[in-house]
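J.:
There are 6 protein chains.
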Amino acid sequence: MTSLVCTNRSPIGRYNSSCRFQEIYSMLLRTFRSTIPAVKRMYSQIAAYDKYTTLKVTAPSEYVCHVELNRPDSLNSMNKQFFTDLRQCFEQISSDSSIRCVMLSGAGRFFTSGLDLKDAALLTSDQPDVGRKGLALLRGSITPFQESISSLEKCSKPVVCAIHSGCVGGGVDLVTAGDIRLATSDAYFQIKEIDIGLAADIGTLQRFQKVIGNDSIFRELAYTCRKLFADEAFKIGLISSIFVNKEEMMKFALETCTIIASKSPIAIQTSKKSINYSRDHSVKEGLEHVAAWNMTMLQSEDLIKAVMAAVNKEKPVFSKL
Amino acid sequence: MTSLVCTNRSPIGRYNSSCRFQEIYSMLLRTFRSTIPAVKRMYSQIAAYDKYTTLKVTAPSEYVCHVELNRPDSLNSMNKQFFTDLRQCFEQISSDSSIRCVMLSGAGRFFTSGLDLKDAALLTSDQPDVGRKGLALLRGSITPFQESISSLEKCSKPVVCAIHSGCVGGGVDLVTAGDIRLATSDAYFQIKEIDIGLAADIGTLQRFQKVIGNDSIFRELAYTCRKLFADEAFKIGLISSIFVNKEEMMKFALETCTIIASKSPIAIQTSKKSINYSRDHSVKEGLEHVAAWNMTMLQSEDLIKAVMAAVNKEKPVFSKL
Amino acid sequence: MTSLVCTNRSPIGRYNSSCRFQEIYSMLLRTFRSTIPAVKRMYSQIAAYDKYTTLKVTAPSEYVCHVELNRPDSLNSMNKQFFTDLRQCFEQISSDSSIRCVMLSGAGRFFTSGLDLKDAALLTSDQPDVGRKGLALLRGSITPFQESISSLEKCSKPVVCAIHSGCVGGGVDLVTAGDIRLATSDAYFQIKEIDIGLAADIGTLQRFQKVIGNDSIFRELAYTCRKLFADEAFKIGLISSIFVNKEEMMKFALETCTIIASKSPIAIQTSKKSINYSRDHSVKEGLEHVAAWNMTMLQSEDLIKAVMAAVNKEKPVFSKL
Amino acid sequence: MTSLVCTNRSPIGRYNSSCRFQEIYSMLLRTFRSTIPAVKRMYSQIAAYDKYTTLKVTAPSEYVCHVELNRPDSLNSMNKQFFTDLRQCFEQISSDSSIRCVMLSGAGRFFTSGLDLKDAALLTSDQPDVGRKGLALLRGSITPFQESISSLEKCSKPVVCAIHSGCVGGGVDLVTAGDIRLATSDAYFQIKEIDIGLAADIGTLQRFQKVIGNDSIFRELAYTCRKLFADEAFKIGLISSIFVNKEEMMKFALETCTIIASKSPIAIQTSKKSINYSRDHSVKEGLEHVAAWNMTMLQSEDLIKAVMAAVNKEKPVFSKL
Amino acid sequence: MTSLVCTNRSPIGRYNSSCRFQEIYSMLLRTFRSTIPAVKRMYSQIAAYDKYTTLKVTAPSEYVCHVELNRPDSLNSMNKQFFTDLRQCFEQISSDSSIRCVMLSGAGRFFTSGLDLKDAALLTSDQPDVGRKGLALLRGSITPFQESISSLEKCSKPVVCAIHSGCVGGGVDLVTAGDIRLATSDAYFQIKEIDIGLAADIGTLQRFQKVIGNDSIFRELAYTCRKLFADEAFKIGLISSIFVNKEEMMKFALETCTIIASKSPIAIQTSKKSINYSRDHSVKEGLEHVAAWNMTMLQSEDLIKAVMAAVNKEKPVFSKL
Amino acid sequence: MTSLVCTNRSPIGRYNSSCRFQEIYSMLLRTFRSTIPAVKRMYSQIAAYDKYTTLKVTAPSEYVCHVELNRPDSLNSMNKQFFTDLRQCFEQISSDSSIRCVMLSGAGRFFTSGLDLKDAALLTSDQPDVGRKGLALLRGSITPFQESISSLEKCSKPVVCAIHSGCVGGGVDLVTAGDIRLATSDAYFQIKEIDIGLAADIGTLQRFQKVIGNDSIFRELAYTCRKLFADEAFKIGLISSIFVNKEEMMKFALETCTIIASKSPIAIQTSKKSINYSRDHSVKEGLEHVAAWNMTMLQSEDLIKAVMAAVNKEKPVFSKL
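Residue numbers (numbering that gives the first Met the number 0), protein chains in the order written: chain W, 0 to 320; chain A, 0 to 320; chain Z, 0 to 320; chain E, 0 to 320; chain B, 0 to 320; chain F, 0 to 320.
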C-alpha cells in the first residue's frame, strides 16, 4: 500500500501537488515518514495545574498546553471529580496568558469510556419527591456537567482533540465541544446513551449535527448506538484527519497547535468567538457581532505587528493575552 | 467488481476491520451476501390502519411498523387524499404504544413521482379575488400539505425511509422530513418544483440544506432540477447507505428498525425530540431544552432496566409508551 | 488515467448510467471532451454596466450576465472602489429584468488575492479617539464592506462563482456569499485574515460553516491560514465540481447559468429567497415564510406556462421579471 | 358622582371634547346612559355550533358571533370537555366565512372559576413510571390544554372578551389569549395556580407580561395569588374599558364587534396575523412578514371597495372570507 | 383649574417637590407659564438639506436640527417623494457630525394625514401577472416605504417627535419609529389602514405594541380605526407629555433636544444602538451586544471629559461625531 | 388629604371595595394605619452570610431573608467588592433551601448612588494596547458586573426590592433585575450613565423597557439623565406601590415576602423560571418550555399538599427546596 501514502495536506508547507490526485487514497490514512523525531512525552506538568487529579497538564511547546484525560486505569471514564476538574481547568486556561492553544488527548489504552457508571452520585438523588428529585438532578448533575463540557467551547483558546481507540458516550459530548478533531485509524466513536436508557443531555445531541453535514447518519448513530469508525467519521466530517498511530497523530496535533499559537492571539480569540456565535445565529447577526468586536480589535497593535512581520519576513512577536 | 464488495458497517456487529480501508469502494455499494433469508412481505395489514386508502401499514416485527406509499399505478403520486392519510397515519403512529419505529417505502416501480398534477384541487381555487384566492391556497393546500409532511418529523418515533427508483418533487420534501434515509443504487432524487413554475413550499427548501453539508450542490439541484443519483446523494450526505437492490435495502431497513425498537422508548423519543429542537436552536438553548426533559426522564424506570440488562447481559423489556 | 474520466453529472442530460459506479474517481476531476467549441470571451460589455472600473460585465447568453473581477494587474485585489462597484453592480443586476442568472469569475492569473493592503483607506482612520476611531472603522469600512459582500446573497438572481487559481482572504468572503461554487483543479482557497492580525469580519466566519458540513476542517483552515486545495474543497462541500482548466469550467458555468435562466424567474427568485431565509431560521419559520410568498406566487402565470410547456414539450417563454 | 360620568371614548363617534380633561375620572368607570335599548340575549343558538355542550354560540348581529362559557352551575369551571369544545369551536369559527368577529363572555354568576379540580382526569395519570407519567401529562393534558387556549389567538378573527365577576386561574390564561378585554367594575382577576401548588402552564405566565406594561405588578400577582380588581387591571393595561354592569359591557362589546365585522375581512385578518407575529419577533422580522403577506393582500378587491366606499360615503360590502 | 397646573417634571431642574402629589392632575396637561420667550421659527434652512422638497430642515440650536414635514397644503400627506426624501434626509443626518439630536414636527394645520392616496404610484402596478405585480409592490412600494420609516430608528441620533392635531395612518408608522413622542392636547392618532382595506405594513403593527404596554387598546385601535386622543395616548404610554398648544410643545421639545445634544455623543449613540437592539433580543443577548460595543466606547475620551466636567462643574465639550 | 388615604390593595385580604373608586388617589400613596407594630430591624445576621462585607443578610421571618446594601457611609455606592459579594450572595441564596423569598433594600440615607467612581479598578486597565484593553475591560469589569446584576434574575427565589430616597445609575440596573419593586414617595430613579460619558451596560438599557410599558419616557430618561420620581415611576409601571415612608414600605415588603414564602417552592420557582424565559421568547416557545418543566413538577407532592390544605383550610407545609 505504499503508493497510497502521501501527505496531501501538511501544515508545514510540504504540499506535493502531484500527489493531489491521489487524495482519494490518502484521505483514508495520513502517514508521516518524516524524519522529525517522535514527540516525546517528557514535559513536566505545569505547576499551576497540579491540582487536577483527573487531568494531567503539560507544556509541550511555547504557548501550547497539553491536557490529558488521566484516569487510564478506569479507561478515563468521567466521574464527578472529572467534570469539576475539566471545567476549572479550561476556565483557568481561558484566562492564562501563557497559553494560546490547547491539545486534548487521553492517557492509556482508551480515549474515554464515557460516564463512570460506578460513580453513583452522577444520576441519582435522595429526594423522595419527583419535583425535588428533578431539580436535584438538574442542579446537581445535568447543568454542571453541561457547563463542564461547554467549558471547551467557551475557552477563549482553540482546543485540538486528538482521539485514539474508543471515544464512547460522554466522550462524544466532550470532543464535539472542541474546535478541531483528529483520530487514529483504529479510533471509533459511539453515542452510547440510549443503551443505558437515557437521551444524551450534555452536548452530543446539540452539537453533533452542527459539526458534520449528514443528519441521516447522525440519527442512525444516535438511535442505534452503533460504532462509528475513523474512516466513516472522516467521511462525514466529524474528524479532519486520520493517522496510522497515536504517535503520528500527537506529532501532527502539536504542530497544528504550535502554528496556531504563533498567530496573533487577538485574531485567534476574536475568530473563535465569532465562529461560535455565528453557528448559533443568522448570517446577519453574525456579521453585526463580529463588526462590534472589530471596532476594538482592528485598533490593536497585532494588526501592525502581523503586517510588518509579513513584509519583513520575520516571525511576529505578540504581547501576552 | 467482487473485490469492492464488503460490509463496512453492519448494525449487527459483523464489522470486519481488515475491510475498513476499503471503505472507499464499499461506500458506493452495500451488498449483503448474508444467509439471512430475504425479508418476505407477508405481513397482513394492521387493522387499525386499514382506513388509509393511499397507504398500506403492516407490522414486520415487534414494535416496528411498515408504511408503504400504496398507489403504484400512479407511481405513488401525491394527491389530496394522500396528504390527509399521511398526516393522520403518522399522528396515529405517534401515539400508538405498540409501535416504536417506522419504516417508510414505496410500493411498485417508483418511490414517488411527487405531486399528482392531475388532482386539480391541489393548486387551484375558485376564488375570483387575489387576496381570497391566496388565503384559500394557504389554508386549503400549502399549510395542510406542510403539516402532512411535517407529521414525519413530529412523529414521536424515528422514521427510516427506504427509497428505490425515482423520488421526485414532493418525494424529496417527504424523505427529508424522515430521520434516516437509505437508497438503492438505482435511486435518484429530483427537486422538480421549479420545472413546474413554483418554489418548493412543503419542506425541501427548508430541510434539505439542514440534513446535508453542501450548500453549493443543494442550490444547483434546486435551481437546475437535475437528477441527483444515489452515489452523489451518498457523497453529500443525503442518504446513509446504498444497496444493490430493494430487497437488500428492505432487509437492512428492517434490521435497523428492529434494533431501534429494542431500545428504551423513553430514551429514543426524548432523543428525537432533542435532535429536532437542537437543529432549530442555538447549542445553549438545545442544552436547556434537553435538561428540562431529563428532569423527568432520568427518573424513568427505563434507566434502571437498561443498566440492569447490560450488567446481566439480557435483553431489556421496556414498558409500553 | 483515461478510464477515470467520465461525465458523471452533466446538466445537458448526457448522463451515462454505466459510468455511475466510477463516480468516485470522476468526482475528482470533471473533464469534458465534448465537441462543443470552447466558450469564447467575445461578448462586448453591457453598456449600462460600463461605469464599474473594477468589474467587467458582459452578456454571454440570453438572460445571463457575466461579472468579472477586472483588476488583473493587481491580482484582482479588493480596494475601496471594488467594494463600492460590487454592491452597486449586484443591486443593479437584482432589479434588471434582462438578467436571470449571474456568472462571477476573475480576469487574469488569479481569482483574487483578497483585500488590497496598499489601499490605506481600508483599515485606518484619522480619528485620535478610540471610540470615534472604532465608529469610523465600523461605518467607513466594516459595515460597507459587509454590505458589499452580502449584495451577492441579497441579489434576487442566483450567482454562480467560477474560481481558478488563488482565492485568498476577502475572496473567500466573496464566494461563500454566492449560490454555487465551481473551481479548477489548480484552485486553492485561503482564509488569510489571521495572518494579518485580524478576525475575518466580512462573511467568511459567518457563512463558511453554513455552506459546508465539516466544522473541524473549517476551524483548522480559519486558525492556521493553510491553503485548501480544490480536491479537499470538493470533498468538504465548498465547491460542487472540479474542472481540468478554466476554459472547461467557464463552459460548464455558462451552461449551468443558461439552464437556470431558462426557468421561471418567479420560481427561481422565490426559491433563492426561501433558501436564504431557511438557512437562518428554524424549519417551522422557513415553512411559514415560503407559504406567505407562495400565496402570491402560486397565482402567477409562470405556473401555467411551465406546466403547459411540459405537456406540449415546448420551451416555455416567461415574462420579464 | 354624576359629574364624573362621561363617555370619553366612544366607538360610534360621540366624542365630547370638553369632557376630555375629565378622563382621569371617567377612565375608572364607563357609563352609558344612552337610549339604545339594552342588548337582549334573544338570539337562538347557531345550528352548526349546537354540538358544544360547554359553550353556547349565538349570532347577535351580522358577521358577529357570541361564544358563551356555558356551565353556569359549575361557575363555568374548565373541565376536559370544555378544553375540547373550546378548541374545536374556535377552529370552526376561524374558517367560517359567516363570522368576522367573536364576542366571548361567561353565563351566570361568574366568568369562570378556572380549572375544574373535580375533573380528576385533568392532572393525573395512571402510569406508574415517572417518565411515562410525565409524557402522559404532557400529551394528555398540558399540550392539548395549551392548544385549546391558543385557539383564540390562532383564530383568524378578532376575539373580544367581556369579563364580569370572577376570572380565576385558567380564566386568566383564557382571556390573555383574546384580542380585546373589557370588564365590569366588579370584575376581578386572579392568577391562582401557585395556590394549588403548580406553575401556570397554559398561557398566563407566557402572555400576561406581553399584553400589559408592568412586570412588577405581574410578578406580584403571579407569586402572591392576590386578586386584581377591575380598576387596577385597567390601570396596568390588562383591560381597555370598565363598565358599571354587565349589560352595559355587553352592549359596548357588541358595538365594537359590529364595527370590526363591518371592515374588510382581508385587512382585519392580515392585521391580526401580523400583530401576533410581530409580538414574538423583532421589528425587522415583523416588517418582512407583513410585506410578504401584503404582496397578495394589496391586490385584493377589498382595497378598491374600501376606498370607493369612502369616496362615495357608502358602506362597503366585502365578499365572504 | 389653576391649582392643577404645575410643572411636575421639567428637564431644566426646576422640580417642585411639593407639587409631586398633584402629578395626577398635571399629567394631563403640561403648562409652562415660564418667562422664556416663545421659540421663534426664524432659523434659516440648512443649506446641505435644501434639496428635500417635502421636508424643511433648520438648525434651532447647537447640534440640534429640526425636520419639518413640509407639505402643509396637502396636510403633509405622504407621497412617493416624501418617502424618498425622508430616508435620504435621516441617512444624511445619521452621519452628519454637526447634528446630535433631531426634532421632528409637521408644518401647518395637521401633523400628517398619512398616505397620499392621490399619488397613484403608491399602491398600484401595471404588471398583468399576479406574481410580478406582487413583487413590483414589494420592491417598488412596501420595502422602500418600510426602509424610509425605519430610517428614523436607524438614525444614530435620537429623534424627538412633536405632534399636533391629526397624526393619521402612515403618521402613526412614522412617529412610532422615533425615540420620544410629545403631543398637544388637541392631538389625536388614528391607525387608519383597515378603513382603506389593508393591513398597516410599514411599521405600526410591528412597533406600536412594543412602545406601549396595553395590547388590548392597541388591538382595539388597529381593528376599529377609532381616534386615540392625546390624554388616552398619554395614559397608555404612546406619548411622554401633553402640552396646551404647539408653541409650548415646541419649546419643550427644543429644550429636550438641547439637553440631549449637550451630552457625550459616544454615550448617546451607543445607548440608542443598545436600546433598539435590546428591544428585539433577549436580555442576555442585549447584554452581550452592549458589552461588545463598550469594549471600544469605554476607551473613549468622552468618559474622562464627562467625569472631569462633573468634578469641575463645567460644561463638557465633546469632539465631533 | 385624609379621605384620600385607603388601602386599595392589600396582600392580606382587607380589600375594601367601597374604596375602589378612590384608587386614583390612593394609587399615589399607600398609607397603612394598621395596628401591626412597626417592623423592627432586630434580626441578627445569618451566620452563613457573614462573609459579605458590603451586604448585611438577616432573616426577618421564616423562609425570608433580607439583603441590605450595607455601605451607608458611601451611600451604598457599588465598588468592585460589592459586585463580587452580590453575585456570591445571590448564588448562595439560590441554593439555600432555608430561604424562599428575598427582600432587598439599602441601609442609611440612600438606596444607592450607583457605581463607586472612586474605585479606580472599575473602568480602567493598564493594558497599553487598545485590543487587550478592550478585552481586559470586558473580562475584568463589564461581564463580571453584568453577571453580578443578573444574579438577582437567575436566583431561583423571587426578589422584592424596597427602594427609598435615591436609586441612581447602577442602582437602576440592580432593581430592574429584581422581581417586584416598591418605593417610598420620596424615592427617585436616575439613569445616570450618559452623564459620565458612557452607555449603561449592565442591565438598564436591556431590562428597563421590558419591565414597563412606555418606551418614550424610558428613552427620555436614558438620554436626558433626568430624575424619575416615585409617582411617575408608579404611573409608568416601574414600581408596584408607593409608601409614605420607609417603615411602611418595609412592613409591606416583609408581608409580601412572607406570603410568597408560604407558597409551594416548586410552584414559585417554576413560575419565576417560566416568567423569565417567556419574557425573552415567543409565546409558543414559552409554552413549550413550561410544558417540559411541568412534566416533572406536576408529579410533585406540593400539588397534593396544596390542594389538601385548601380543602382542609389548613396552612400547607412544604418540604425544603
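For each residue, glycine too, the CB sits at the ideal point set by N, CA and C.
Measure from the C-beta of Ala176 of chain F to each C-beta in chain A and report whether the shortest distance is under 8 Å.
T.: Not closer than 8 Å to any Cβ of chain A, the Cβ of Ala176 of chain F fails to qualify, so no.
J.: Could you pull the start and end residues of the beta strand (DSSP E) that Cys88 of chain E belongs to?
T.: No beta strand (DSSP E) holds Cys88 of chain E; the alpha helix (DSSP H) holding it covers 79 to 93.
J.: Beta strand (DSSP E) containing Phe228 of chain E: first to last residue?
T.: Element bounds for Phe228 of chain E: 226 to 228.
J.: Give me the Cα-Cα distance between Arg86 of chain Z and Met102 of chain B, rounded to the nearest whole angstrom.
T.: If I take the Cα positions, the gap works out to 33 Å.
J.: Does the region 189 to 203 of chain F come close enough to the region 261 to 277 of chain B to have 3 or more Cβ pairs within less than 8 Å?
T.: With a cut-off of 8 Å, the region 261 to 277 of chain B and the region 189 to 203 of chain F count as touching, because enough Cβ pairs lie within range.
J.: Among the residues of its own chain, which have a CB less than 7 Å from the CB of Ala305 of chain W, if the five just before and after it don't count?
T.: Around Ala305 of chain W: Ser263, Pro315.
J.: Provide the residue span of the beta strand (DSSP E) that contains Pro59 of chain W, from first to last.
T.: Its beta strand (DSSP E) spans residues 54 to 60.
J.: Any idea what DSSP makes of Val101 of chain W, helix, strand or coil?
T.: Val101 of chain W falls in the strand class under three-state DSSP.
J.: Relative to the alpha-carbon of Gly285 of chain E, which residue among E:Leu297, E:Thr295, E:Leu116, E:Lys271 has its alpha-carbon at the smallest distance?
T.: Checked all of E:Leu297, E:Thr295, E:Leu116, E:Lys271; the closest Cα to Gly285 of chain E is E:Lys271.
J.: So, is Lys234 of chain W buried or exposed, given that buried needs 16 or more other C-beta atoms within 10 angstroms?
T.: Buried is the call here.
J.: Could you list which residues in chain F have their beta carbon closer than 9 Å to that of Thr111 of chain A, in chain order?
T.: Those within 9 Å of Thr111 of chain A in chain F number zero; the least Cβ separation is about 32 Å.
J.: Please report the residue range of the alpha helix (DSSP H) in which Gln205 of chain B lies.
T.: Gln205 of chain B -> alpha helix (DSSP H) spans 203 to 210.
J.: Cutting at 6 Å between CB atoms, please list the residues of its own chain near Gln145 of chain F, excluding the five before and the five after it.
T.: Hits under 6 Å: Ile201.
J.: Does Gln126 of chain E come out as helix, strand or coil in the three-state DSSP assignment?
T.: Coil, per DSSP.
J.: Which bits of chain B does Met294 of chain W rub up against, with CB to CB less than 9 Å?
T.: Per Cβ cutoff of 9 Å: Ala291, Trp292, Met294, Thr295, Met296.
J.: Hey, would you say Thr111 of chain A sits closer than 8 Å to Leu74 of chain A, going by beta carbons?
T.: Contact: yes.
J.: Which residues of chain B have a Cβ atom closer than 7 Å to the Cβ of Val129 of chain Z, listed in chain order?
T.: Going along chain B in sequence order, the residues near Val129 of chain Z (Cβ under 7 Å) are Thr295, Gln298, Ser299.
J.: Classify Asn213 of chain F as helix, strand or coil using the three-state DSSP reduction.
T.: Correct three-state label for Asn213 of chain F: strand.
J.: Give me the subset of the region 196 to 226 of chain Z whose CB atoms are less than 9 Å from a CB atom of chain B, sorted by chain position.
T.: Listed in sequence order: no entries.
J.: By the three-class DSSP mapping on this structure, what secondary structure does Leu197 of chain F have?
T.: Leu197 of chain F: coil per DSSP, three-state reduction.
J.: Are the C-beta atoms of Lys39 of chain Z and some chain W residue less than 8 Å apart?
T.: Confidence at Lys39 of chain Z is low in this model, with a pLDDT of 47, below 50, so the placement of that residue should be treated as unreliable; the coordinate-derived value is given next. Cβ-Cβ to chain W under 8 Å: no for Lys39 of chain Z.
J.: Any beta carbon of chain Z sitting closer than 8 Å to that of Gly105 of chain A?
T.: Judged by the 8 Å Cβ criterion, Gly105 of chain A is not in contact with chain Z.
J.: Listing by chain order, which chain W residues have their CB less than 9 Å from the CB of Arg278 of chain A?
T.: Result: Gln208, Lys209, Asp214.
J.: According to DSSP, simplified to helix, strand and coil, what is Glu313 of chain F?
T.: In the structure shown, Glu313 of chain F sits in coil (DSSP, three-state: anything other than H, G, I, E or B).
J.: At least one CB of chain B closer than 8 Å to the CB of Leu151 of chain Z: is that the case?
T.: Output row for Leu151 of chain Z: interface = no.
J.: Can the beta-carbon of Ile141 of chain E be found less than 8 Å from the beta-carbon of Asn311 of chain F?
T.: No, Cβ-Cβ distance for Ile141 of chain E and Asn311 of chain F is not below 8 Å.
J.: What residues are listed by DSSP as bridge partners for Arg131 of chain W?
T.: None; Arg131 of chain W has no bridge partner.
J.: Locate the alpha helix (DSSP H) running through Val63 of chain W, then write down its first and last residues.
T.: Element bounds for Val63 of chain W: not the alpha helix (DSSP H) but the beta strand (DSSP E), 63 to 68.
J.: Can you list, in chain order, the residues of its chain whose CB lies under 7 Å from that of Asn69 of chain Z, leaving out five sequence neighbours each side?
T.: Thr53, Leu54, Lys55, Ala106, listed in sequence order.
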